[in-house]
Amino acid sequence: MTRLGVIADDFTGATDIASFLVQNGLSTIQFNGVPQQHDTLTAEAIVISLKSRSNPVNEAVEQSLAALRWLQAQGCDRFYFKYCSTFDSTEKGNIGPVTDALLAELGETQTVICPALPVNGRTVYLGHLFVGEQLLSDSGMRHHPVTPMTDSNLLRLMERQSQGKAGLIAAPVLDQGAEAVRTRLAELKAQGINYVALDTLNEQHLLVQGEALRDMRLVTGGSGLAIGLARQWAQPGSNSRAAENAGRPQGARAVVISGSCSQMTNKQVNAYRQQAPSHEVDVVRCLENASAYAQELCDWVVANSDQSLAPLLFATADAQQLQLIQQQYGAERSSHAVEQLFAAVTRELQARGWQRFIVAGGETSGVVAQSLGVTAFHIGPTISPGVPWVRDIHQPLSLALKSGNFGDEQFFRRAQTEFSQ
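With this note's numbering as the guide, the letters of the sequence shown map in order to residues 3 to 423.
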């Protein structure tokens, strides 16, 4: 049996790929961070979520190698480095350096770059990454507070932050099928190409990639590539429905927490504010007295939890507001203060009996999960492509963890109304 080990660079990215693996036939378990012990696991895929996307390069590499070695000890023989479908990174990394380290550790010299997820509007054409009909560099990701994306060319992006050379397999080759892709990969390898960007315009391209790459030891990308690979590796008679049922949401008390400033999350927050109680986080108060402020916000959540929809706490701002906040308080300082506030709020709400947390933003999701003491969980039903409900294996906790740009405008409402306990 092929056992897949996934190393994800943030929490929502991990649940994103885990949901696609389950939907396409692989039993999957997800861990928050590298476990400290070796367990007897029966899952066909093991996903480890790190908080390494925006860490210093050396930390991201160290964490990723630790995850790889733990997965190898669990019997994994194929590996997948999962990053965001918008290739979130800086000039120095961390996608390039982590990929180089994983290749070296495995004794390999070539892998693929496939951030595409067509169902969510992420496509690649002639090596350029698109978000809907816009180039990545023209999308809202241009103004990301931590990893602003001002270039859309995956080959340039990868070569600037890595040690090797990048090449391309264009859409016409994908249209010819898996054998044509394998042939082209071999040709590029002979030319010394280490990272091969794959044009991806539709799900059929993902299925072709899955067939062509089933024997590659390391692949890298967003969650879309998992669709084709999971279908190649799934065992006959696999029951993904049973796995989904194990992760169905539970718990009577819910709260929505939004720390993402993406365009879609702004739309989701604005829509939800018309339907449920909402409270905007004051960055100044986070910086001045976070502990007292967290208690105040928890009291507000309690006082507004008698409605049909859960109350919303949000630090979501549009690009102009975000720029003003960063100019006044500093980007790193203000982001850290909000994260620590949400951590304190999460712990206090858990102590008060809250069991369901709906969270927007990769960094915020990681903070919430860590604050709740979540170490591993079952993957439940999908709310939107790449966003499932998940249930803690050890505690009565359910979470919906959403990357910034994922989901439709009614995501927060649907997460509560479309899934019975």
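For glycine and all other residues, C-beta sits at the position ideal for the given N, C-alpha and C.
Min CB distance residue i to chain D below 8 Å
i    : result
L289 : The displayed structure is made up of one protein chain only, and chain D is not part of it.
Top-ranked residue by Cα proximity to residue i, from the options
i    : options                : result
R186 : N247, T222, T113       : T113
N26  : S307, E334, L209       : L209
R333 : R354, L289, C300, F22  : The residue asked about is misnamed: residue 333 is Ala in this sequence, not Arg. The candidate whose alpha carbon is nearest that of A333 is L289.
S21  : P398, F379, R415, D284 : F379
R55  : Q74, A16, C78          : A16
V361 : K404, V100, N272, A75  : K404
P383 : A417, A339, S262       : A417
A75  : A402, P390, Q38        : Q38
L203 : F414, L215, I171, Q163 : I171
R275 : T30, Q328, Q309        : Q309
V121 : F414, G409, T419, L156 : G409
Q178 : Q206, V198, K167       : Q206
L73  : G363, P99, D90, L104   : L104
R71  : V59, A47, V36          : V36
G166 : Y197, A173, L156       : Y197
N60  : V285, P99, V258, A47   : P99
D18  : G388, R216, L399       : G388
I338 : P147, L156, A214       : The identity of residue 338 in the sequence shown is His, whereas the question assumes Ile. Nearest option by C-alpha distance: P147.
A173 : L157, T125, M218, L215 : T125
M218 : A180, L374, Q252, G253 : A180
Endpoints, the alpha helix (DSSP H) within which residue i is located
i    : result
I31  : Unbroken run through I31 is the beta strand (DSSP E), 30 to 34; no alpha helix (DSSP H).
R80  : Counting along the chain, R80 falls outside any alpha helix (DSSP H), though it belongs to the beta strand (DSSP E) covering 80 to 84.
H338 : 333 to 353
Y414 : Residue identity check: residue 414 is Phe in the sequence provided, not Tyr. Taken as a continuous stretch (DSSP letters only), the alpha helix (DSSP H) holding F414 covers 413 to 419.
I395 : Premise fails: I395 is in no alpha helix (DSSP H) and is neither H nor E.
T44  : Where T44 is concerned, there is no enclosing alpha helix (DSSP H), given that its DSSP letter is neither H nor E.
F13  : 13 to 25
E282 : That residue, E282, is in no alpha helix (DSSP H); its beta strand (DSSP E) goes 280 to 282.
A214 : 205 to 215
G230 : 227 to 235
A75  : 59 to 75
C300 : 285 to 305
L2   : Residue 2 lies beyond the range of the chain shown here (3 to 423); nothing can be said about it.
T152 : Counting along the chain, T152 falls outside any alpha helix (DSSP H), and DSSP gives it neither H nor E.
I97  : 97 to 108
L190 : 180 to 192
A199 : Segment 197 to 200 is the beta strand (DSSP E) holding A199; no alpha helix (DSSP H) there.
V271 : 265 to 275
Contact belief for residue i with residue j at Cβ below 8 Å, rounded distance in angstroms
i    : j    : result
T88  : M151 : 6 Å
I9   : F81  : 7 Å
I115 : L200 : 7 Å
A346 : S293 : 6 Å
T222 : Y85  : 7 Å
I381 : F413 : Actually they do not touch by this definition, with Cβ atoms about 18 Å apart.
L28  : A236 : 6 Å
L311 : Q357 : That pair is no contact at about 16 Å.
Q136 : S91  : Not a contact, Cβ separation roughly 19 Å.
F33  : T366 : Their Cβ separation, rounded to whole angstroms, is 19 Å, which puts F33 and T366 out of contact at 8 Å.
A248 : R393 : 7 Å
G134 : G142 : About 10 Å separates the two Cβ atoms, so there is no contact after all.
Nearest-angstrom Cα separation, counted from residue j out to residue i
i    : j    : result
L508 : A106 : The structure shown does not extend to residue 508, since the chain is modelled only from 3 to 423, so the question has no answer here.
L138 : Q297 : 40 Å
K94  : T101 : 12 Å
R250 : W391 : 6 Å
P238 : G230 : 15 Å
L401 : K53  : 17 Å
R287 : S66  : 35 Å
P313 : L128 : 44 Å
L315 : E282 : 6 Å
A45  : N272 : 39 Å
L6   : C78  : 5 Å
Q329 : Q342 : 20 Å
F83  : S51  : 10 Å
L131 : Q234 : 26 Å
V49  : A62  : 16 Å
G212 : I31  : 21 Å
P398 : A47  : 23 Å
G109 : F421 : 45 Å
Host beta strand (DSSP E) of residue i (start-end)
i    : result
H380 : 378 to 386
L6   : 6 to 10
I171 : 168 to 171
V257 : 256 to 260
T222 : 220 to 223
R124 : 124 to 127
A362 : 358 to 362
A319 : Careful: A319 lies outside any beta strand (DSSP E) and carries neither H nor E.
The region 348 to 363 contacting the region 172 to 192, beta-carbon criterion three pairs below 8 Å: no
Stretch-stretch touch, CB-based, cutoff 8 Å, three pairs: the region 217 to 231 with the region 364 to 376: no
Taking 8 Å as the threshold, find out whether the region 259 to 271 comes into contact with the region 311 to 328 through three or more Cβ pairs. yes
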